[in-house]
Amino acid sequence: MVSGAARDAGDLVEGAARRIYADFERDLDALALEIESAGVTHGATTVAARKLLLADYLLAKTDGYLPPKHFMDRLMLRVQARRQPARRSVAAQPLPLE
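Note that our numbering has the sequence shown beginning at 21, numbered continuously upward.
Following this line, the structure appears as structure tokens:
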């Protein structure tokens, strides 16, 4: 009976986490903007440090629900993309006029 109750509780938690992060994933750009605006990862110099800071932020935002790995990977890419200006290729650079 106890193992069944524990399994049921685990299933409920897993389902709640899936719903929460599915909602976030529908508007990942807005979440990335919120994270960037709040400066959550500013000052982090490694990928590991950024992941820890993002995970802590999400845990606080979701009342303790852990983010799935694929969600974290996508979020990391979105946050990083917001921080880096678009790169222009050498071919796209204007030629000097003489």
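Just so you know, even glycine gets a beta-carbon here, dropped at the ideal spot from N, CA and C.
Please read these numbers as outputs of a predicted model, since none were measured by experiment.
(1) Tell me whether the segment 83–103 and the segment 49–56 touch, counting them as touching only if at least three CB pairs, one residue from each stretch, are closer than 8 Å.
(2) Measure the Cβ-Cβ separation of Y77 and A37 and say whether it is below 7 Å.
(3) Among V33, A25 and G24, which residue has its Cα nearest to the Cα of P87?
(4) According to the neighbour-count rule (16 or more other Cβ atoms, all chains shown, within 10 Å of its Cβ), is T61 buried or exposed?
(5) Between the C-alpha atoms of D31 and G24, what's the straight-line distance to the nearest angstrom?
(6) In the DSSP assignment, find the alpha helix (DSSP H) that holds Y77 and state where it starts and stops.
(7) Please determine, among A101, R39, L74 and A29, the residue with the shortest C-alpha to C-alpha distance to A58.
With the structure as the only source:
(1) Using a Cβ-Cβ distance cut-off of 8 Å, the segment 83–103 and the segment 49–56 are in contact, since at least three pairs of beta carbons, one from each stretch, lie closer than that value.
(2) It is not a contact, given that the beta carbons lie outside the stated cut-off.
(3) Comparing alpha-carbon positions, the option among V33, A25 and G24 lying closest to P87 turns out to be V33.
(4) For T61, the number of other beta carbons within 10 angstroms of its own is at least 16, and it is reported as buried.
(5) Counting only the Cα atoms, G24 lies some 10 Å from D31.
(6) For Y77, the uninterrupted alpha helix (DSSP H) run begins and ends at V67 to K81, by DSSP.
(7) Of A101, R39, L74 and A29, the residue nearest in Cα terms is L74.
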